[in-house]
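Here my numbering is used: the first residue of the sequence shown is -4, the next is one more, and so on.
Yeah, the Cβ is synthetic: ideal placement off N, Cα and C, and Gly gets one too.
First up is the structure itself, then whatever we jot down about it.
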Amino acid sequence: MATKLECRMYEAKYPEVDHAVMIQVKSMTESCAYVSLLEYNNIEGMILFSELSRRRIRSINKLIKVGRIEPVLVLRVNKEKGYVDLSKSRVSEEDILGCEERFNNSKLVHSIMRHVAEALKADLEDLYVHVGWPLYRKYGHAIEAFKVIVSDPDSVLNSLTREVKEIGPDGQEVIKVVPAITEEIKDALVKNIRRRMTPQPLKIRADVEMKCFQFDGVLHIKEAMRKAEAAGNKDCLVKIKLVAPPAYVLNTLTLDKEQGIAILNKAIEACRKQIELHKGKLTVKKAPRAVSEREDKLLAEQMAKLGRENEEISGDEDSEEEEDTGMGDIDLENNGTAIAE
């Protein structure tokens, strides 16, 4: 059976009115743009230019371009004639965020389903009818079912069945309930889901300021940093780094966000307790939270910039700044010796 590569992601052929959908602009006329609804088998929709913005339109090209993919709001659906009227100006920020998240999840589900259908020369729509859409109905979104399948596939897939008609011994037609998919398709689905959905570690970060004005404050800070790192475990190793006195960041990688946040809070308290023994002070500037790759990159760039600036400054050990802070940069690789700023 030939694989159908084009298939709507959801059981409904058309979206609901007042529902945000993801579209791609295909062409434009003098008064409107024609688009494809990416989640609904690329059926055609239309956006009147009057629905592009609530403000006066100075340049159409700044608001909409051929090829652009973005969320819009469904205004009207005519199922008999097969057209959908859409609006860009009426979609809210909340609608946009929800649509983008749903679309990204649906796109991942669709990619897995299509790959399995293609590899086994199965019918993609049939796979949706007996696996995808029932999972959407039961779990709200198939991605939630796929998350369970990663660790416990039988609890999800073995519950899916289909009805087939057979001729009984008496010549009468009977309906028999059988598994929705073959073992071959089941194995391929599980393999692809696990490959594409194995959880990736989250980076959890906290930003703190730590000061100690005693003569040997650098050593006390280094010991406090050791206490912070000792608060981690094999699943959540804690690392603390100097950004620029008195700013430090604590990091951990974890598959469990809540556990990572709890571990960093524990590390902060261990660090605080140790530095306060020597009349130092720790202040939390940003509480533990999951950070994106972009935030991590910005921090790395900031630290690199500060490193270059430190190299350009003469190392005057008697500078007023060092007397003021009671500490310099800490070289963790060389027994905590202070580096003058």
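(message) My output table needs one value for Y123: the three-state DSSP class, helix, strand or coil.
(response) helix
(message) I believe C2 touches L103 by the beta-carbon criterion, under 8 Å. Please report the beta-carbon distance rounded to the nearest angstrom.
(response) The Cβ separation is near 15 Å, so there is no contact.
(request) Leaving out five residues on either side along the sequence, give the residues of the same chain with a beta carbon under 8 Å from the beta carbon of V185. (result) I144, P148 and L152
(request) In the DSSP assignment, find the alpha helix (DSSP H) that holds D149 and state where it starts and stops. (result) P148 to L152
(request) Taking E88 as part of the alpha helix (DSSP H), name the residues at either end of that continuous run. (result) Segment E88 to L115, the alpha helix (DSSP H) holding E88.
(request) Check the C-beta distance from C207 over to H273 and give it rounded, since I have them as a contact under 8 Å. (result) With 8 Å as the limit, C207 and H273 qualify as a contact, their Cβ atoms being about 6 Å apart.
(message) My assumption, with CB atoms under 8 Å, is that D90 sits in contact with A15. Please give the rounded CB distance.
(response) 4 Å
(request) Can you tell me which of the three DSSP states Y78 falls into? (result) strand
(message) Rounding to the nearest angstrom, what Cα-Cα distance links R267 and K276 in this structure?
(response) 7 Å
(message) DSSP three-state label for C27, please.
(response) strand
(message) Taking the beta carbon of P10 as the centre, do at least 16 other beta carbons fall within 10 Å, making it buried, or is it exposed?
(response) buried
(request) Identify every run of the beta strand (DSSP E) within the region 141 to 202, keeping only runs that are complete inside it and at least 3 residues long; order them along the chain. (result) You should have 156 to 162 and 168 to 174.
(request) Could you check what DSSP says for G227 in three-state terms: helix, strand or coil? (result) DSSP places G227 in the coil class of the three-state scheme, outside both helix and strand.
(message) The beta strand (DSSP E) that contains Y134, what's its start and end?
(response) Where Y134 is concerned, there is no enclosing beta strand (DSSP E), although the alpha helix (DSSP H) it sits in stretches over W128 to Y134.
(message) DSSP three-state label for S309, please.
(response) The predicted model places S309 with a pLDDT of 48, which falls under 50 and marks its position as unreliable, so this point remains unresolved.
(request) Determine the direct distance from the alpha carbon of S22 to that of K179, and round the result to whole angstroms. (result) Residue identity check: residue 179 is Glu in the sequence provided, not Lys. Looking at the two C-alpha atoms, the distance is approximately 42 Å.
(request) Could you tell me if N99 is buried or exposed, where buried requires 16 or more neighbouring beta carbons within 10 angstroms of its beta carbon? (result) Of the residues assessed, N99 falls on the exposed side of the cut-off, its CB having fewer than 16 other CB atoms within 10 angstroms.
(request) Check V213 in the structure and name its three-state DSSP category. (result) It is helical.
(request) Report the rounded CA-to-CA distance for R289 versus V203, giving the unit in angstroms. (result) 20 Å
(request) Give the secondary structure of Y9 by DSSP, where H, G and I count as helix, E and B as strand, and everything else as coil. (result) coil
(request) My understanding is that M205 touches P241, with C-beta atoms under 8 Å, so please give their C-beta distance in whole angstroms. (result) 6 Å
(request) Could you pull the start and end residues of the alpha helix (DSSP H) that L58 belongs to? (result) I55 to L58
(request) Use the C-beta contact count for Q269: other C-beta atoms within 10 angstroms, 16 or more gives buried, fewer gives exposed. (result) buried
(message) Please classify F141 as buried or exposed, where buried requires at least 16 neighbouring CB atoms within 10 angstroms.
(response) buried
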